[in-house]
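K.L.:
After the structure tokens below, expect a handful of questions from me.
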Amino acid sequence: MSIFINSVNNNDDILFTNDDEKYTFDEILEVDSKRIRALHEIDNANFQWFHIRACVVSGVGFFTDAYDLFVINLVSTMIGYSYFDHDGTVPANIDMGLKMSAACGTLVGQIFFGWSADHYGRKKDLGLWPKPMYGLELSIMVVATIGSAMCADSFAISLWASLIFWRFILGIGIGGDYPLSAVITSEFATIKRRGAMMAAVFAMQGFGILSAAIIAVVVLSIFKYKILDDHRYIDYVWRLVLGFGVIPAVIALYFRLTIPETPRYTMDVLHDIERAAHDIDVILLKDKHNVGFQDKPAYMVEAPRATWEDFICYFSQWKNCKPLLGTSISWFVLDVAFYGIGLNNAIILQAIGFGNNSDSFSALWNMSVGNVIINMLGTVPGYWLTVLLVDKWGRKTIQLMGFTVLTILFLILGFAYEYISQQPMVIFVLLFSLCQLFLNFGPNATTFIVPGEIFPTRYRSTGHGISAASGKLGAIIAQAGFAQFKDIGGTNKFVPHLIQIFALFMFFGIFSTMLIPETKNLSLEELSNETQVGFVKPKRKHVHNNLV
Numbered sequence: 001m002s003i004f005i006n007s008v009n010n011n012d013d014i015l016f017t018n019d020d021e022k023y024t025f026d027e028i029l030e031v032d033s034k035r036i037r038a039l040h041e042i043d044n045a046n047f048q049w050f051h052i053r054a055c056v057v058s059g060v061g062f063f064t065d066a067y068d069l070f071v072i073n074l075v076s077t078m079i080g081y082s083y084f085d086h087d088g089t090v091p092a093n094i095d096m097g098l099k100m101s102a103a104c105g106t107l108v109g110q111i112f113f114g115w116s117a118d119h120y121g122r123k124k125d126l127g128l129w130p131k132p133m134y135g136l137e138l139s140i141m142v143v144a145t146i147g148s149a150m151c152a153d154s155f156a157i158s159l160w161a162s163l164i165f166w167r168f169i170l171g172i173g174i175g176g177d178y179p180l181s182a183v184i185t186s187e188f189a190t191i192k193r194r195g196a197m198m199a200a201v202f203a204m205q206g207f208g209i210l211s212a213a214i215i216a217v218v219v220l221s222i223f224k225y226k227i228l229d230d231h232r233y234i235d236y237v238w239r240l241v242l243g244f245g246v247i248p249a250v251i252a253l254y255f256r257l258t259i260p261e262t263p264r265y266t267m268d269v270l271h272d273i274e275r276a277a278h279d280i281d282v283i284l285l286k287d288k289h290n291v292g293f294q295d296k297p298a299y300m301v302e303a304p305r306a307t308w309e310d311f312i313c314y315f316s317q318w319k320n321c322k323p324l325l326g327t328s329i330s331w332f333v334l335d336v337a338f339y340g341i342g343l344n345n346a347i348i349l350q351a352i353g354f355g356n357n358s359d360s361f362s363a364l365w366n367m368s369v370g371n372v373i374i375n376m377l378g379t380v381p382g383y384w385l386t387v388l389l390v391d392k393w394g395r396k397t398i399q400l401m402g403f404t405v406l407t408i409l410f411l412i413l414g415f416a417y418e419y420i421s422q423q424p425m426v427i428f429v430l431l432f433s434l435c436q437l438f439l440n441f442g443p444n445a446t447t448f449i450v451p452g453e454i455f456p457t458r459y460r461s462t463g464h465g466i467s468a469a470s471g472k473l474g475a476i477i478a479q480a481g482f483a484q485f486k487d488i489g490g491t492n493k494f495v496p497h498l499i500q501i502f503a504l505f506m507f508f509g510i511f512s513t514m515l516i517p518e519t520k521n522l523s524l525e526e527l528s529n530e531t532q533v534g535f536v537k538p539k540r541k542h543v544h545n546n547l548v
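In terms of UniProt numbering, the sequence shown has 516 at position 516, counting the first letter as 1, and numbering is strictly consecutive.
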């Protein structure tokens with residue numbers, strides 16, 4: 001858009017021309033300052049019920065994501081006892097398919113929904129049910145979870161192929177939740193508590209992973225005597241454990257359909273400052289009685305638009321490309337270890353003798369209880385330590401600390417594996433729990449937070465989706481490698497060497513962290529690397545039509 005000096009009137013006010021309309025310099029300052037004031041309202045608001053609601057609505061989705069992703073860790077072993085050998089071993093190709101399918105779907109979902117949320121809006125009416133983008137991904141998860149739990153052999157498709165298909169569709173929904181929840185939370189958050197709010201959303205993953213193990217313990221206890229009589233009753237167990245993931249997803253769906261569009265998207269992408277300012281007043285309860293949007297003349301504005309040319313122009317600058325490289329590489333190296341360990345907890349516990357028992361019930365019970373213990377000691381506390389300290393210590397500090405400590409812990413576990421496995425079981429469980437602690441009080445949380453902060457509004461979801469998809473690529477590679485290499489030299493004999501490889505990836509994470517900026521106490525606009533003075537300019541006169 002070209003704006004240029006047209007004339008100087010009698011009052012010495014400079015007039016600017018934009019198409020066929022004229023605006024004074026004061027009018028241009030007015031729309032720019034109105035946007036800045038609106039952003040200041042969001043960034044410095046008192047913490048209130050709406051912020052809690054935004055965290056809960058996003059967090060329940062992440063609870064479901066983690067439950068659905070990591071429950072396969074236990075379900076795969078249950079399927080082994082139900083359909084294959086009495087030692088719970090699943091053929092390598094089926095086990096890899098079950099564990100990789102959701103990750104592959106997640107990668108697709110992160111790219112697609114990441115771009116869509118910037119292109120269509122976080123809450124755009126898509127003409128589908130549910131209408132908003134934020135809620136569509138959760139609906140996909142509900143349908144796919146039900147489909148997974150009801151899989152069966154048929155003349156056309158095997159149980160395994162059907163389950164892998166539904167897990168892939170489930171992954172697409174899960175993938176959509178990453179960029180959408182991240183950007184919605186960050187765009188509603190205050191500067192002072194943005195890190196804690198985003199970390200709290202992501203921390204629900206810990207409860208999801210823990211709940212998967214707890215539900216497995218509960219369902220196993222219900223079917224205990226039937227399983228002891230006939231191991232085929234395990235078929236009921238894995239279906240119920242998988243199907244439980246529908247419950248939190250359905251609960252969260254209504255609230256996702258009712259959360260409003262973020263004011264930042266309304267201003268910077270939809271270019272409607274008046275509407276955004278009104279939405280902020282309603283959200284922050286400054287306009288309790290007037291919830292509708294009355295007809296009033298307002299300026300629509302011009303601002304940088306998300307086009308392919310603008311995307312190339314923005315990210316071709318090293319100052320903007322460097323953070324994207326940093327978040328993408330950091331998430332990639334993290335997920336190699338996080339999913340390599342997390343999706344194979346049961347195998348690792350079996351490898352050290354924790355799950356080796358004479359009957360299928362005892363083996364499954366011990367593995368489920370072992371997962372509960374590890375998650376209680378390491379996973380859940382790690383997430384919440386990040387919530388407490390991320391706005392005090394900073395994202396970069398926590399990520400560097402996490403990668404450094406994990407490098408050391410994985411080296412100890414990998415090279416002293418045989419010695420530690422011969423010691424009392426509590427030694428290994430404590431070390432393994434420490435790994436989980438510093439994965440989550442470290443890069444697993446910060447790699448989610450930082451990409452939701454450092455990109456401009458028009459590319460925030462896309463940038464987060466690219467970073468997250470890089471992580472899932474690492475997860476896919478890790479799972480393929482774990483499945484192919486773990487039995488080199490004998491059953492589970494190569495596991496300690498895989499842990500050593502994970503240590504190498506954690507070491508690389510130390511250097512990739514150097515590429516990202518510290519985002520603590522900075523606004524999203526400051527982090528975007530774009531000049532905010534004059535960011536928006538008048539476009540044309542416009543009258544709103546009673547939007548609500």
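Just so it is clear, CB atoms sit at the ideal spot from N, CA and C, and this is done for glycine as well. Keep in mind the model is a prediction, meaning the values are calculated, not measured.
Count the other C-beta atoms from every protein chain shown that fall within 10 angstroms of the C-beta of W365, then say buried if there are 16 or more, exposed otherwise.
P.N.:
Here residue 365 refers to the residue found at position 365 when the sequence shown is read from its first residue. Buried is the call here.
K.L.:
Could you name the residues of the same chain whose beta carbon sits closer than 6 Å to that of K322, not counting the 5 residues immediately before and after it, in chain order?
P.N.:
Within the sequence shown, the letter at position 322 stands for residue 322. Excluding positions up to five away in sequence, the list reads L515.
K.L.:
Just to confirm the assignment, what range does the alpha helix (DSSP H) spanning N366 have?
P.N.:
Locating residue 366 in the sequence shown gives position 366, counting from the first residue. N366 -> alpha helix (DSSP H) spans S360 to I374.
K.L.:
With respect to the alpha helix (DSSP H) encompassing R394, which residues constitute its N-terminal and C-terminal limits?
P.N.:
Indexing the sequence shown from 1 puts residue 394 at position 394. Residue 394 is actually Gly in this sequence, not Arg. In the DSSP annotation of this structure, G394 is not part of any alpha helix (DSSP H), being labelled neither H nor E.
K.L.:
Return helix, strand or coil for L524, following the three-state DSSP convention.
P.N.:
Locating residue 524 in the sequence shown gives position 524, where the first residue counts as 1. L524: helix per DSSP, three-state reduction.
K.L.:
Considering just the uninterrupted stretch of the alpha helix (DSSP H) at M506, what are its terminal residues?
P.N.:
Working through the sequence shown from its first residue, we reach residue 506 at position 506. V495 to T513 is the extent of the alpha helix (DSSP H) around M506.
K.L.:
Tell me where the alpha helix (DSSP H) around V219 begins and ends.
P.N.:
As a working note, residue 219 is residue 219 in the sequence shown. Start and end: R194 to I222.
K.L.:
Can you give me the Cβ contacts of A149 inside the same chain, cut-off strictly under 7 Å, excluding the 5 residues immediately before and after it?
P.N.:
Residue numbering aside, residue 149 sits at position 149 when the sequence shown is read from its first letter. Answer for A149: R239, L242 and G243, listed in chain order.
K.L.:
What residue range is occupied by the uninterrupted alpha helix (DSSP H) comprising A149?
P.N.:
As a working note, residue 149 is residue 149 in the sequence shown. In this chain, the alpha helix (DSSP H) harbouring A149 covers M133 to A149.
K.L.:
Could you work out which residue in I476, L334, Q500 and V143 is closest to I408 when comparing CA atoms only?
P.N.:
Counting from one through the sequence shown, the residue named residue 408 turns up at place 408. That would be Q500, whose Cα lies nearest to the Cα of I408.
K.L.:
Evaluate Y225 with the Cβ neighbour count: other Cβ atoms within 10 Å of its Cβ, from every protein chain shown; 16 or more gives buried, anything less gives exposed.
P.N.:
Position 225 of the sequence shown holds residue 225. It is exposed - the Cβ of Y225 has fewer than 16 other Cβ atoms within 10 Å.
K.L.:
My output table needs one value for D272: the three-state DSSP class, helix, strand or coil.
P.N.:
Within the sequence shown, numbered from 1, the residue matching residue 272 stands at position 272. In the three-state scheme derived from DSSP, where H, G and I count as helix and E and B as strand, D272 is classed as strand.
K.L.:
Check whether the Cβ atoms of V142 and V250 lie closer than 8 Å to each other.
P.N.:
Looking up residue 142 in the sequence shown gives position 142. Looking up residue 250 in the sequence shown gives position 250. Their beta carbons are under 8 Å apart, which means V142 touches V250 by this criterion.
K.L.:
Could you give the distance in angstroms between the alpha-carbon of G402 and the alpha-carbon of L437?
P.N.:
Within the sequence shown, the letter at position 402 stands for residue 402. Within the sequence shown, the letter at position 437 stands for residue 437. Whole-angstrom Cα-Cα distance: 9 Å.
K.L.:
Can you look up E21 in the DSSP assignment and give me helix, strand or coil?
P.N.:
Here residue 21 is taken as the residue at index 21 of the sequence shown, counted from 1. Residue confidence for E21 is low, a pLDDT of 49 falling below 50, so the modelled location carries little weight; the figure read from the coordinates is stated next. E21 falls in the strand class under three-state DSSP.
K.L.:
Looking at the secondary structure, which residues open and close the alpha helix (DSSP H) in which F485 lies?
P.N.:
For the purposes of this step, residue 485 is taken as the residue at position 485 of the sequence shown. It spans T457 to F485 - the alpha helix (DSSP H) in which F485 sits, taken as one unbroken run.
K.L.:
Let me know the secondary structure DSSP gives I174 once reduced to three states.
P.N.:
If you number the sequence shown from 1, residue 174 lands on position 174. Helix, per DSSP.
K.L.:
Looking only at C-alpha atoms, which of N93, V75 and L107 sits nearest to F485?
P.N.:
As a position in the sequence shown, residue 485 is number 485, starting the count at 1. Nearest option by C-alpha distance: N93.
K.L.:
Just mark Y134 as buried or exposed, buried being the case when its beta carbon has 16 or more other beta carbons within 10 Å.
P.N.:
Looking up residue 134 in the sequence shown gives position 134. Burial call: buried.
K.L.:
Leaving out the 5 sequence neighbours to the left and right, which residues in its chain are closer than 7 Å to S328 when beta-carbon positions are compared?
P.N.:
Position 328 of the sequence shown, counted from the first residue, corresponds to residue 328. Hits under 7 Å: I466, S467 and S470.
K.L.:
Taking 8 Å as the threshold (C-beta atoms), are I215 and N375 in contact?
P.N.:
Reading the sequence shown from its first residue, position 375 is the one you call residue 375. Reading the sequence shown from its first residue, position 215 is the one you call residue 215. Their beta carbons are not under 8 Å apart, which means N375 does not touch I215 by this criterion.
K.L.:
If you compare alpha carbons, which of A102, E518 and M506 is closest to V336?
P.N.:
What you label residue 336 is simply residue 336 of the sequence shown in a count that begins at 1. Of the candidates A102, E518 and M506, the one whose C-alpha sits nearest the C-alpha of V336 is M506.
K.L.:
By DSSP, does T491 sit in helix, in strand, or in coil?
P.N.:
For the purposes of this step, residue 491 is taken as the residue at position 491 of the sequence shown. Three-state result, T491: coil.
K.L.:
Where does L74 sit, in a helix, a strand or coil, going by DSSP?
P.N.:
To locate residue 74, count along the sequence shown from 1; it is residue 74. Residue state, collapsed to three classes: helix.
K.L.:
Distance check for T89 and F338, CA to CA, integer angstroms please.
P.N.:
Within the sequence shown, numbered from 1, the residue matching residue 338 stands at position 338. Within the sequence shown, numbered from 1, the residue matching residue 89 stands at position 89. Straight-line Cα distance between these residues: approximately 22 Å.
K.L.:
Measuring CA to CA, which of F168, N529 and V56 is closest to V201?
P.N.:
Position 201 of the sequence shown, counted from the first residue, corresponds to residue 201. Comparing Cα positions, the closest option is V56.
K.L.:
Just to confirm, are A199 and I454 a CB contact at a threshold of 8 Å?
P.N.:
Within the sequence shown, residue 199 is the residue found at index 199, counting from 1. Within the sequence shown, residue 454 is the residue found at index 454, counting from 1. No, Cβ-Cβ distance for A199 and I454 is not below 8 Å.
K.L.:
Have a look at R256 and K34 and give me their C-alpha separation to the nearest angstrom.
P.N.:
Within the sequence shown, residue 256 is the residue found at index 256, counting from 1. Within the sequence shown, residue 34 is the residue found at index 34, counting from 1. Computed Cα separation, rounded: 29 Å.
K.L.:
Taking all protein chains shown into account, do 16 or more other C-beta atoms lie within 10 angstroms of the C-beta of residue 555, making it buried, or fewer, making it exposed?
P.N.:
Absent from the structure is residue 555, since the part of the chain shown begins at 1 and ends at 548.
K.L.:
Is it the case that the Cβ atoms of G394 and F441 are separated by a distance below 8 Å?
P.N.:
As a working mapping, residue 394 is identified with position 394 in the sequence shown. As a working mapping, residue 441 is identified with position 441 in the sequence shown. Contact flag unset, no.
K.L.:
Just to confirm the assignment, what range does the alpha helix (DSSP H) spanning T446 have?
P.N.:
Locating residue 446 in the sequence shown gives position 446, counting from the first residue. Its alpha helix (DSSP H) spans residues P443 to I449.
K.L.:
Spatial neighbours of M78 within its chain, please: CB distance less than 7 Å, with the 5 preceding and 5 following residues excluded, ordered by chain position.
P.N.:
Locating residue 78 in the sequence shown gives position 78, counting from the first residue. Correct list, in chain order: I234, V237, W238 and L364.
K.L.:
For Y120, which three-state DSSP category applies?
P.N.:
Counted from its first residue, the sequence shown places residue 120 at position 120. If DSSP states are grouped into helix, strand and coil, Y120 belongs with coil.
K.L.:
Between the C-alpha atoms of F62 and F415, what's the straight-line distance to the nearest angstrom?
P.N.:
Position 62 of the sequence shown, counted from the start, is the residue given in the question as residue 62. Position 415 of the sequence shown, counted from the start, is the residue given in the question as residue 415. Taking the straight line joining both Cα atoms gives about 34 Å.
K.L.:
Assuming P443 contacts Q399 (C-beta within less than 8 Å), just tell me the rounded distance between them.
P.N.:
By one-based count along the sequence shown, residue 443 stands at place 443. By one-based count along the sequence shown, residue 399 stands at place 399. Between P443 and Q399 the beta-carbon gap is near 5 Å, inside 8 Å, which marks them as a contact.
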